[in-house]
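Following: one structure in structure tokens, then a few remarks.
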Amino acid sequence: MGRRQTDTEIGRFVLLVLLLLGSVSCLMVYLCFSMAYNSVSSSSDDGVVVSNNNNGDEVSECCRGIEHLELWGDAVKWGSDFKVDSSEKCCMACKDMCGGGRGGDEPCLCDSWVFCGDKQACGSRFGECWLKKQKDTLDPAQRDSGDHVMWTSGVIFGKGEGIVGLETEYGVLRIKLLPDCAPLSVSYILELLAQRHCAGCRFYRAESRGHNWDPEGNHIKNASFGPPYALIQGTLEAHGAVFKNIPAESCPTVKRGAVAWVGSGPEFFISLANHLEWPETHTVFGFVLPQDMENLERIARLPTNPDVWSSINVSVLEKPVHLRFRRINTSH
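Under UniProt numbering, the first residue of the sequence shown carries the number 1, and numbering increases by one thereafter.
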């Protein structure tokens, strides 16, 4: 028996619908795999993740420098032949030569920059952008500094670079510094690193995540925001080092592992949780590598005594934990 014409039309319609559904399904699968791949590929080997779920995306666009500072070093691009209209553009030009830009794997050809942005003082040199290469990025060569210097300078740490160790009796905390976001803060840390001691530097407050945040630092629904406040606090005021209050620099949302000042320093803290509830007023100048966070958790479990600071209940360590900075071998 022959098929009726209506049956044929219905069959064609069903076929078209199935083809459309198949196309939509393929598109959705592609998008999901693309998002997953981008998230994984944005992780760097030194453990500092720059994905949309980490502080990295909030600080990766930083391009700050220090005014009235002239860094020395071998020029890889001469400022007499390269002029830009802002220090940020000079910084970005250096970043583009470091790793191929945005965390690439190519060699870092530029790790410091010098820009002349004072039109009156610079004269014909206004806009010059010198891109340079340091022999030691943790001890950049400095030619001059002070109010009489017309240059603004900054440092760029390439992939796997700019990691210092904060040494404690409970293990080393490797910290990835952020000189392009907090150059004044990082400059002070590098001073402490050069001294090879940090007499007076210590942790004196330790508060765990309690039942308020999960192991990844995410706040648990309907839980309080403290106490405990999920942080380790201390001071980086070292004997023999002159500390000057540091103005606010980059102040992103404080996430787990963030190393930040309390106010303008020298008091500082390292966060054990994602503090989305805090206002963005803390200068973040580094991140503890994820693989070292357990050492920080060990300190959070040390014996403490209760105290009250400005009507806030805190936990003070029975025995302070002394600190010092040291270089980290990143050749591997």
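Where a beta carbon is used, it is the ideal one built from N, C-alpha and C, also for glycine.
Simplified DSSP assignment, three categories, for residue 333: The chain is shown from 1 up to 332; residue 333 falls before or after that span and cannot be answered.
Rounded straight-line distance, which links the Cα of Ala223 to that of Ala93: 46 Å
Which listed residue (Pro227, Leu193, Arg301 and Glu128) has its alpha carbon closest to that of Ser153: Glu128
C-alpha gap between Leu302 and Gly162, whole angstroms: 30 Å
Spatial distance of Asp111 from Ile246 (CA atoms): 23 Å
Three CB pairs or more closer than 8 Å across the stretch 240–260 and the stretch 271–287: Judged by Cβ distances under 8 Å, the stretch 240–260 makes contact with the stretch 271–287, as three or more pairs qualify.
Residue burial classification, Glu70 (beta-carbon count within 10 angstroms, cutoff 16): buried
Any alpha helix (DSSP H) of 4 or more consecutive residues that is wholly inside the stretch 149–232: 183–195
Residues of its chain near Ile312, where Cβ-Cβ distance is below 7 Å and the 5 sequence neighbours each way are ignored: If the five residues before and after Ile312 are omitted, its C-beta is found closer than 7 Å to no C-beta atom of its own chain.
Short Cβ contact (7 Å threshold) for Gly158 with Cys116: no
Distance, Pro183 Cα to Val155 Cα: 8 Å
Through-space distance from Arg196 to Phe126, alpha-carbon basis: 39 Å
Cβ pair count under 8 Å reaching 3, the stretch 202–216 against the stretch 314–331: yes
Residue span of the alpha helix (DSSP H) that contains Glu70, given as start and end: Note, Glu70: premise wrong, no alpha helix (DSSP H); beta strand (DSSP E) at Leu69 to Leu71.
Range covered by the alpha helix (DSSP H) that runs through Cys98: Careful: Cys98 lies outside any alpha helix (DSSP H) and carries neither H nor E.
Segment contact flag, the stretch 161–181 with the stretch 294–310, C-beta cutoff 8 Å, min 3 pairs: yes
Euclidean distance between Cα positions of Val14 and Val259: With a pLDDT of 46 at Val14, under the threshold of 50, the predicted position of this residue should be treated as unreliable, though the coordinate-derived value follows. Cα to Cα, Val14 sits roughly 60 Å from Val259.
Inter-residue spacing [alpha-carbon to alpha-carbon] between Asp147 and Lys244: 16 Å
For Tyr229, the nearest candidate out of Gly286, Ile270, Lys83 and Ser87 (CA to CA): Tyr229 has its Cα closest to that of Ile270, out of Gly286, Ile270, Lys83 and Ser87.
C-alpha distance - Trp78 paired with Met150, whole-angstrom precision: 17 Å
Residues near Cys91 by beta carbon distance below 7 Å, same chain, minus five either side: By the criterion of a C-beta distance shorter than 7 Å, Cys91 is surrounded in its chain by Cys63, Gly65, Trp113, Gly154 and Asp180, once the five residues flanking it on both sides are discounted.
Three-state secondary structure assigned by DSSP to Asp85: The answer is coil: DSSP assigns Asp85 none of H, G, I, E or B.
Rounded distance between the beta-carbons of Val321 and Glu169, thought under 8 Å: 7 Å
Spatial distance of Tyr188 from Pro266 (CA atoms): 10 Å
Cβ pair Gly200, Ala238 closer than 7 Å: For the 7 Å CB-CB criterion, Gly200 and Ala238 form a contact.
Whole-angstrom distance between Phe325 and Ser300, CA atom to CA atom: First, the amino acid is wrong: residue 300 is Ala here, not Ser. Each residue's alpha carbon lies about 20 Å from the other.
Rounded C-alpha distance that separates Val242 from Arg202: 17 Å
Under 7 Å between C-beta atoms of Val76 and Lys133: yes
Residues near Ser80 by beta carbon distance below 7 Å, same chain, minus five either side: Apart from the 5 residues on each side of it in sequence, Ser80 sits with its Cβ closer than 7 Å to the Cβ of Glu128 in its chain, given in chain order.
Own chain, CB closer than 8 Å to Asp45, minus 5 neighbours either side, in chain order: Since pLDDT at Asp45 reaches only 35, below the 50 mark, its modelled position is unreliable, and the value read off the structure follows with that caveat. If we look at Asp45 and ignore the five residues flanking it on each side, its Cβ neighbours are Lys159 and Gly160.
Coarse secondary structure for Lys255, derived from DSSP in three states: Here DSSP, grouped into helix, strand and coil, assigns Lys255 to coil.
Burial state of Thr235 (16 or more Cβ within 10 Å): buried
Alpha-carbon spacing of Ala248 relative to Ala273, whole angstroms: 22 Å
7 Å Cβ cutoff, Ser187 in contact with chain C: Absent here is chain C; the protein component of the structure consists of one chain.
One or two residues paired with Lys77 in a DSSP bridge: Lys77 pairs with Leu131.
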